[in-house]
Structures are given as C-alpha cells and as structure tokens.
Amino acid sequence: MARTSPVSDWAQDFDVLDAGYIEDPFSIWDELRTQCPIAHTDRRGSNWLPTRYADITAMAHDIGHFSSLEVAVIPFEGEEPEEPLLPYGLPPISVDPPIHTWTRRLLLPWFSHRRVEGYEGLTRDLCVRLIDEFIEAGHADAAEHYAQQIPVRVIAHILGVPSDLADTFTGWVRDVLEFADDEERRMRAMEGLFTYFVAEVAVRRANPGTDLLSQLLNTEVDGAPLEESIVLGAAALVLIAGVDTTWSAIGSSLWHLATHEDDRRRLVEDPDLMPLAIEELLRAYSPVTMARIVTEDVEFKGCPMKAGDRILMNFPAANRDPEVFEDPSKVMLDRQHNRHVAFGSGIHRCAGSNLARMELRVALEEWLRRIPDFRVADGAEVTWAGGQVRGPRVLPVVFP
Amino acid sequence: MKIRVDPDKCQGHGRCYGLSSALFTTDDYGLSSVIGNGTVPPELEGKARLAIANCPEFAIEELED
C-alpha cells in the first residue's frame with residue numbers, strides 16, 4: 001500500500017514516509033546537505049528538515065524558538081477528544097521548562113548508570129532464552145524474534161507491569177510511532193495504552209510496589225502528590241520511548257553485522273571493541289527523529305520559519321555530516337572521534353540512553369557469542385520502518 | 001593534564017563515563033564529573049583526550065596548569 005504520493009523535489013516537497021526515503025534516507029540527506037541543507041515540505045502542515053549537524057544541535061539548544069510541546073514527526077490529523085487524555089502529553093519529552101525540569105528529574109534516577117547495571121542480568125537472561133528458541137533451527141527473523149522482544153520486556157520490568165503483555169505493548173507503540181499517519185489506529189492505541197495505565201495506577205494506589213509507576217504515585221512535588229496525568233504521561237513515555245527505539249538500534253546493528261562480514265568477524269575476535277562499536281553503530285544507524293514546534297516567526301539560516309511550523313530534528317542526518325565525521329557513510333567500529341547525537345542534544349537528551357546502550361551491548365554480545373557467523377537469508381526481503389523511528393522490521397537471517 | 005566537566009553544559013550523555021569510569025563518575029541524574037581534583041594520571045591522558053573529543057555537548061575542558 002502506497003502511503004504517500006511520489007516525491008520529485010526533496011528540497012521543497014520532502015516526505016519522510018516515502019518508501020525510498022525509509023529504505024535509504026542517507027543519499028537524500030547527502031544531496032540536501034550540499035544543495036539545500038534545510039529542506040521544506042507542505043505535506044502534513046509546514047515542516048522543515050535540517051540535515052547539518054551544526055544546525056540541528058543549534059536548534060536543539062534554542063528552546064525559546066523551538067518548543068517540545070509537539071514532538072511527533074507525523075502530526076495527528078484526526079479528531080481530538082474534547083478533553084485531552086493527557087494535558088501535559090508525555091512529560092518530560094513533550095514539555096518545555098519549567099515543567100520539563102522537574103518531571104525529568106523524576107525519571108532520570110531510574111536510568112542512572114548504577115540503576116541500569118541492575119537491569120543487566122535480566123536483560124542477558126532474556127537474550128539467552130530468546131536465542132535458545134531459534135538457534136537449533138539455523139534461521140530466525142533477527143528483528144521480530146530477537147530485537148523486538150528485548151526492550152519491551154526490560155521496560156515492563158521497570159514499570160512493574162507483566163511482560164506477558166509484551167505483544168500488546170509492542171502493538172500500541174508501533175501504532176503510535178510507525179503507523180502515525182493512520183489517525184484511527186493511532187488514537188485507538190493511545191486510548192488502549194491510557195486505559196491500561198489508568199487501571200494499573202488504581203491497582204498500585206491500593207497495593208504500592210517498588211516499581212516506577214508505584215514510586216511516581218508516591219512522589220510529592222512542593223508538598224503535593226503528582227497529578228495523575230503526569231504519572232500516566234510519564235509511564236506512557238517510558239513505554240513508548242523505550243521500546244521501538246532500542247529495538248530499532250539492535251535490529252539495525254544486527255543488519256549491519258549480517259551484511260558486513262569483516263566487521264562481524266572483527267567484533268567477534270575483539271570483544272574489547274564493543275564500547276566504541278556500539279557508539280559507531282548508534283551514529284551510523286541512529287533510529288530517532290524528534291519534532292519541535294516553532295514558537296514565533298523566525299529566520300533561521302535564511303529559512304523563513306513561521307510560528308507553528310514543525311522542525312524534524314534529524315539527528316540521524318546530523319550523525320552523517322562530513323563537516324563533523326570523517327568518511328561518515330563508512331562504519332568504522334573503532335572510530336575515535338564520534339561526537340554523535342543519536343540520543344539528541346541539549347536538555348532533552350534521551351533520558352533512557354544508558355539503558356538503551358546496555359540493552360544494545362548485551363543483545364549484541366549474547367548474539368555474537370552464540371551466533372558468530374550469520375547472514376541475511378538468500379532471496380529474503382528486509383523491510384524497514386521509518387518516520388519517527390527507523391529500523392528493520394523483517395530481518396530473516398541464517399546461521400547454518 | 002587537568003580537566004573538568006562544565007556542569008552548565010553537561011546533559012548526562014554519559015559518553016565520558018563510558019570511555020573511562022576511572023576518570024569520570026555520574027550521579028543519579030546522569031550528570032558527569034571528574035573523579036578527584038581533575039588531575040589526570042599520565043596513563044589516562046589518552047582516555048581524557050578521547051572523552052573531550054566525544055562529548056556531544058563540548059562540556060569537558062582541559063584546564064591550564
């Protein structure tokens with residue numbers, strides 16, 4: 001099903017849901033960067049697409065002109081309910097200071113280095129069990145049967161919700177992020193997720209636990225308990241932002257290793273390379289684009305931006321800017337200078353970045369330990385999702 | 001060699017800690033600081049330079065002696 005009409009002018013009429021763009025955005029960014037580094041489109045409202053590192057990081061730091069009140073790359077064009085389900089959206093990602101500052105501080109301790117070390121054991125056990133299920137068969141869908149299964153279960157553990165609902169959670173998150181241009185599907189998923197967390201909140205009010213949801217309910221700010229909509233929004237954020245993103249990074253990394261034998265062998269033979277390799281894979285295949293909303297008319301690098309325009313914060317393109325990265329289209333697993341912004345830049349730096357890195361590292365370590373030799377199955381079609389989050393959704397590999 | 005993390009610039013990416021947990025520590029909010037008074041042992045100078053070159057916020061600086 002074609003979701004978009006064809007694009008002939010990427011500078012003035014781009015479409016991030018174009019099938020060719022989802023498959024290979026890199027060559028399009030390279031061309032735009034030299035010819036029209038901030039592209040524009042009027043598809044789904046007035047949107048700008050910067051492609052240079054310097055512009056993207058400058059905008060990320062200019063929170064006065066570029067607000068986070070809407071961060072969805074694909075605007076919601078359906079009918080809004082009269083009373084918004086979540087008046088603050090998904091704090092802290094969808095708010096500016098001052099609300100951003102204190103809501104972010106509520107979540108960050110759950111993702112500190114120390115806390116994340118505590119999640120490593122269960123992540124490793126999970127990876128081992130997943131591989132057990134397909135290793136004898138000699139083939140697997142590395143996206144669906146492995147990458148997709150990992151982050152959702154770790155997040156469920158942190159939130160204190162049952163991991164046997166993983167498929168339901170994954171469905172909601174995909175509907176919100178990957179099928180965002182289908183208003184009905186997107187709204188139904190948000191309502192499903194919202195209703196679920198409302199019920200979970202009620203359970204925890206009666207029976208508090210040690211999980212994130214219970215702890216948020218027990219938190220007081222300035223002497224008063226948190227508004228329930230803040231708790232619900234933050235919980236929904238942890239789920240939505242913690243699933244599709246990391247699973248995409250794991251999938252893209254496995255795709256790279258399945259299609260680049262030299263890199264795969266190198267990483268198997270030299271596991272000490274892993275920390276640098278992780279950063280390089282995150283740079284080259286950054287999954288996440290976030291949006292900002294222009295707060296007042298402003299000219300930025302000669303572009304006449306109007307209040308209400310949407311900026312697609314193209315962190316993935318920033319990470320392939322030759323002004324900043326030597327030979328950016330080449331994956332160098334031991335790249336020494338790698339100031340990448342896969343997790344964003346400025347005050348909205350991904351709150352879960354430590355968790356994402358740990359999951360990516362453990363997922364690759366366990367896979368390579370058990371399956372050091374693998375490749376994409378002959379004749380198999382690898383499919384990618386794109387828009388807000390880019391990564392493989394079907395990745396059939398063989399390891400005979 | 002002596003270095004510091006500028007607390008006004010650090011956003012908690014944790015790249016420096018990932019490169020050298022012997023040089024850097026992070027708090028509950030992910031924010032980094034240099035362990036001790038900022039003096040880098042000679043054997044860790046390479047790591048310190050790497051951390052400076054990898055910080056996405058340009059938050060790590062080498063101090064004059």
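As given, the protein sequences belong to chains B and R, one line each in that order.
Every letter in the first sequence is one number past the one before it in our numbering, and letter 25, counting from 1, is 25.
Every letter in the second sequence is one number past the one before it in our numbering, and letter 36, counting from 1, is 36.
Where a beta carbon is used, it is the ideal one built from N, C-alpha and C, also for glycine.
These numbers come from a predicted model, not from an experiment.
By how many angstroms is the C-alpha of B/R361 removed from the C-alpha of B/E117? Here residue 117 of chain B refers to the residue found at position 117 when the first sequence is read from its first residue. Here residue 361 of chain B refers to the residue found at position 361 when the first sequence is read from its first residue. Straight-line Cα distance between these residues: approximately 12 Å.
Residue ranges of each beta strand (DSSP E) run of no fewer than 3 residues wholly in the region 5 to 64 of chain B, ordered along the chain? 38 to 41 and 47 to 50
Please name the residue or residues paired with B/A385 in a DSSP beta bridge. Reading the first sequence from its first residue, position 385 is the one you call residue 385 of chain B. Answer is B/G391.
Verify whether the separation of the beta carbon atoms of B/R124 and B/E366 is less than 8 Å. Start at 1 with the first residue of the first sequence, and residue 124 of chain B comes out as number 124. Start at 1 with the first residue of the first sequence, and residue 366 of chain B comes out as number 366. Taking 8 Å as the Cβ cut-off, B/R124 and B/E366 qualify as a contacting pair.
Run of the alpha helix (DSSP H) containing B/S214, from where it starts to where it stops: Here residue 214 of chain B refers to the residue found at position 214 when the first sequence is read from its first residue. Looking at the DSSP string, the run of the alpha helix (DSSP H) that includes B/S214 is L212 to L217.
B/D42 to B/N314, Cα distance in whole Å? Against the first sequence, residue 42 of chain B aligns to sequence position 42. Against the first sequence, residue 314 of chain B aligns to sequence position 314. If I take the Cα positions, the gap works out to 17 Å.
Where does the unbroken beta strand (DSSP E) through B/P304 begin, and where does it stop? Numbered from 1 along the first sequence, position 304 holds the residue referred to as residue 304 of chain B. Start and end: C303 to M305.
Could you tell me which uninterrupted alpha helix (DSSP H) segments, each at least 4 residues in length, are contained entirely in the region 248 to 314 of chain B, listed from first to last along the chain? 261 to 269 and 274 to 284
Between B/D309 and B/N47, what straight-line distance do the alpha-carbon atoms span, to the nearest angstrom? The residue you call residue 309 of chain B lines up with position 309 of the first sequence. The residue you call residue 47 of chain B lines up with position 47 of the first sequence. Roughly 6 Å separates the two Cα atoms.
For the beta strand (DSSP E) holding B/P151, just list the boundary residues, first then last. For the purposes of this step, residue 151 of chain B is identified with residue 151 of the first sequence, where counting begins at 1. Premise fails: B/P151 lies in the alpha helix (DSSP H), I150 to L159, not in any beta strand (DSSP E).
For chain R, is any of its Cβ atoms less than 8 Å away from the one on B/R105? Position 105 of the first sequence, counted from the first residue, corresponds to residue 105 of chain B. Yes, B/R105 lies at the interface with chain R (some Cβ there is under 8 Å from its Cβ).
For chain B, find out if any of its Cβ atoms is closer than 8 Å to the Cβ of R/D28; answer yes or no. Position 28 of the second sequence, counting from 1, holds the residue named residue 28 of chain R. So, interface residue.
Please state whether DSSP places R/D6 in a helix, a strand or coil. Stepping through the second sequence from its first residue, residue 6 of chain R is reached at position 6. Coil at R/D6, not helix or strand.
Give the single residue among B/T4, B/P400 and B/A284 whose Cα lies nearest to the Cα of B/M332. Residue numbering aside, residue 332 of chain B sits at position 332 when the first sequence is read from its first letter. Closest option to B/M332, Cα to Cα, is B/A284.
Give the DSSP-derived three-state secondary structure of B/H145 in the structure shown. In the first sequence, counting from the first residue as 1, residue 145 of chain B sits at position 145. Looking at B/H145 - three-state DSSP - the assignment turns out to be helix.
What residue does the beta strand (DSSP E) around B/V397 start on, and which one ends it? In the first sequence, residue 397 of chain B corresponds to position 397, counting from 1. That run of the beta strand (DSSP E) goes P396 to V398.
Pairs of beta-carbons, one from the region 1 to 13 of chain R and one from the region 45 to 57 of chain R, closer than 8 Å: are there three or more? yes
Within 10 angstroms of its Cβ, does B/Q35 collect 16 or more other Cβ (buried), or is it exposed? Here residue 35 of chain B refers to the residue found at position 35 when the first sequence is read from its first residue. The residue is exposed, with fewer than 16 neighbouring Cβ atoms inside 10 Å.
Suppose you measure from the CA of R/G18 to the CA of B/A166; what does that come to, to the nearest Å? Against the second sequence, residue 18 of chain R aligns to sequence position 18. Against the first sequence, residue 166 of chain B aligns to sequence position 166. R/G18 and B/A166: Cα-Cα distance of roughly 30 Å.
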